[in-house]
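Scroll down for the structure; my scribbles are underneath it.
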Amino acid sequence: MDSCPAHYSFVSQCSDCCRQALSACSGDVGGLTRRDPDAFAEIAREHREWVENLLLAECAHRPLIEWSHPGGPPPVVRWALCATPAVADVLPVPCAVAVGLARAHQQREGPRSRHELWTSRLLDRLDAHVDQRLAQLWRDLALLAVERDPVAAAGLRHMVEKQARPGLWARSLEWLLLLGRHLEGLDVALTVALADKHRTVQQAINRCSRRVILPVQLRAAGLRAATQTTKPLEERLLNVLSASVDARRANFPRPLSAPSSTWLANHELEDLVRGATRRAVAEFASAMPDLGAAEEEHLTATLLAGLTAEFTALPARTRLAGVAGPHLRVGHRTVTKTEERANGADIGVVVDVCVPGHLHLRTGDLIQVKKSSALMPGRAGREDSWTVKRRQLHDLLEHSASSVYWLIRGNGDVLVVPAKVLAAIEGATARPSTQQFTVGYTAVRHTAVTMEQYLPDLVVGLWLGSSSERTLQAAQGTGRTTRPRFALTIDIVLEHMEG
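Position 124, counted from 1, in the sequence shown is what the numbering used here calls 395; the numbers after and before it change by one each time, with no gaps.
Given below as structure tokens:
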């Protein structure tokens, strides 16, 4: 900072000048603190929230717990090294966070740490001038964020939960939201639980949602969505934790083992089929910001068109596997308004398997597509839930016991759930007088599989579907009562290639 000589000797008239210079380069906040801590303390006293936003912005670009070499300590620790007790008095939360991070690193790495000079200097300078309870909470949070031993992590989680007093938690919530991605959902679960009983925490969530730091603002918006629903606390916590756990899975829960899980008995071919499905769904999900408000029929057509394109390209890719096919064709037809009432399914899928001298079979099945309420206008960011029509559900099961629902999530992912499971949920939760019922993500996550597993493993793999004439007629749209909107035909022909 060299736009004004007063940066070296603070005068109150220079406040606006300093703000302009710091806004242009937030990294200079450390430079000003180092040159003249008293000047910095005076600016922070007049513009506390603005200065803390500068610190948060600096820390948002690098993990709070990253002690790189030769890059040095995390930005908040590097800044606090130049702070004085007067600065700690004006900015108590960032200073306590820095002390907690330094304590954790010193205790974890020991006296031979390459950063011992940094941590010792900071603790000597500020340890006695910060809120000890807040610093201790942040020490345990920092230790938990890097702990990989599950037993030690369980002990640290218990310590954090005991120390998570509403006032302490609310004061440093912005910093918690920056650290949160390293805490595997614990920060969100504790915040939701505390906000349910303590107004100070709910006010802190609202405060964070107004911050200009994007990661803080977005995670705070998610917290608001989780705390403002009328659902019971236990269900909200389960939604939060299950979403966090599932997001870290390499694959969604799989009842079948990889890599070989079908009669194809060819790892390379199975991977190609699975990869084609994965790419189609990923492309569909990427278009969701533009498609989300569309009707379910349009979303279904878009997804099937993507699958068609990917499977059309498979023959060229399968040449390396030494076999021809499989290929997938999707037939569309437009239904009239009078036909819509008779439709008992969105998609009829027919699988035709032909392996000369080994296998020849035709099976059919039915699929219903539902979009999440999170895709409805004005409900972005809400938790996923789907409305199921009871009569439609029972019509599906009358024609095929293995029929499924494709549930489109708010982020565009597609989960596949057996219709039988939804019927079981209906039996336990739906009122007899209602024509439809709602299911949430938490209720179906244990039985849901991804399209990447459903199509290659369960449909092509012949785990699902029926060869009965009644089911085949329903899937093909030739039955009297069930006429799907779309026909999905999967022809699998395996022949050794010549040449």
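Ideal Cβ placement from N, Cα and C applies to all residues, glycine included.
- [ ] Under 8 Å by Cβ, that's how I've got ALA315 and VAL322 pegged, so tell me the actual separation to the nearest angstrom.
- [x] 4 Å
TODO: Note the first and the last residue of the continuous beta strand (DSSP E) segment covering LYS502.
DONE: First-last for LYS502: undefined, no H or E at that position.
Task: Distance between THR749 and ASP666 (C-alpha atoms, nearest Å) - done: Looking at the backbone, the Cα of ASP666 and that of THR749 are separated by about 15 Å.
Task: Whole-angstrom distance between ARG662 and ARG482, CA atom to CA atom - done: 47 Å
Task: Distance between PRO689 and ALA375 (C-alpha atoms, nearest Å) - done: 48 Å
Task: Limits of the unbroken beta strand (DSSP E) element including TRP265 - done: Residue 265 is absent from the structure shown; the chain starts at 272 and stops at 770.
Open item on the list: Can you tell me whether ALA435 is buried or exposed? The criterion is at least 16 other CB atoms within 10 Å of its CB, across all chains shown.
Closed with: So ALA435 ends up on the buried side.
Open item on the list: I believe VAL620 touches GLY635 by the beta-carbon criterion, under 8 Å. Please report the beta-carbon distance rounded to the nearest angstrom.
Closed with: 7 Å
TODO: Please report how far the alpha carbon of VAL368 lies from the alpha carbon of VAL640, in whole angstroms.
DONE: So the two alpha carbons sit approximately 48 Å from each other.
TODO: Would you decide whether ALA425 is buried or exposed? Buried here means 16 or more other CB atoms lie within 10 Å of its CB.
DONE: exposed
TODO: Indicate whether LEU415 and TRP440 have their beta-carbon atoms separated by less than 8 Å.
DONE: no
Open item on the list: Just to confirm, is the Cβ distance from ALA359 to VAL401 under 8 Å?
Closed with: yes
TODO: Keeping to the same chain, check which residues put their C-beta closer than 6 Å to that of ASP762; ignore five residues upstream and five downstream.
DONE: ASP623
Task: Beta-carbon gap between LEU335 and LEU489 smaller than 8 Å - done: no
Open item on the list: Please return the same chain residues whose Cβ sits closer than 8 Å to the Cβ of LEU327, not counting the five positions on each side in sequence.
Closed with: GLU445, TRP446, LEU449, ARG482, ILE484, VAL487
Open item on the list: Whole angstroms are fine: how far does the CA of VAL417 sit from the CA of LEU743?
Closed with: Distance between the alpha carbons of LEU743 and VAL417: 55 Å.
Open item on the list: Considering just the uninterrupted stretch of the beta strand (DSSP E) at CYS625, what are its terminal residues?
Closed with: Residue range 618-626 is occupied by the beta strand (DSSP E) that includes CYS625.
- [ ] Excluding the 5 residues preceding and the 5 following VAL685 in the sequence, name in chain order all residues of the same chain whose CB lies nearer than 6 Å to its CB.
- [x] Excluding residues within five positions, the ones whose Cβ falls inside 6 Å are VAL552, TRP677, ILE679, MET722.
TODO: May I have a chain-ordered list of the alpha helix (DSSP H) segments no shorter than 4 residues that lie completely inside the region 681-729?
DONE: Fully enclosed alpha helix (DSSP H) runs of 4 or longer: 690-700, 712-715.
- [ ] Taking only the alpha-carbon atoms, compute the straight-line gap between ARG349 and TRP389 and give it to the nearest angstrom.
- [x] 8 Å
Open item on the list: For a quick check, are the C-beta atoms of GLY681 and ALA719 less than 8 Å apart?
Closed with: no
Task: From ARG495, ARG383, ARG549, VAL370, residue whose alpha carbon lies closest to that of ALA413 - done: VAL370
TODO: Kindly identify the DSSP beta-bridge partner or partners of LYS641.
DONE: LEU678
TODO: Report yes if the CB atom of PHE757 is closer than 8 Å to the CB atom of LEU575, and no otherwise.
DONE: yes
TODO: Reducing DSSP to helix, strand and coil, say where SER630 ends up.
DONE: Per the sequence shown, the amino acid found at residue 630 is Leu instead of Ser. Of the three classes helix, strand and coil, the one that applies to LEU630 here is strand, per DSSP.
TODO: Taking HIS631 as the reference, give the member of PRO382, CYS479, LEU733 with the closest Cα.
DONE: LEU733
Open item on the list: Please tell me whether ALA496 and GLU654 are closer than 8 Å, where the distance is taken between their beta carbons.
Closed with: Yes. Within cutoff.
Task: Buried or exposed (CB count within 10 angstroms, at least 16 for buried), VAL422 - done: exposed
Task: Top-ranked residue by Cα proximity to HIS429, from TRP657, LEU408, GLY438 - done: Distances from the alpha-carbon of HIS429 to those of TRP657, LEU408, GLY438 put LEU408 closest.
TODO: Look up SER738 in the DSSP assignment and say whether it is helix, strand or coil.
DONE: Residue state, collapsed to three classes: coil.
Open item on the list: Comparing C-alpha positions only, which one of SER339, ALA399, LEU362 sits nearest to ARG385?
Closed with: SER339
Task: Neighbourhood of GLY577 by C-beta, 6 Å cutoff - its chain only, sequence neighbours within 5 removed - done: Cβ within range, chain order: ALA551, GLU554, PHE555.
Task: First through last residue of the alpha helix (DSSP H) which encompasses ARG379 - done: For ARG379, the enclosing alpha helix (DSSP H) starts and ends at 363-380.
Task: C-beta atoms of VAL347 and PRO365 nearer than 8 Å - done: yes
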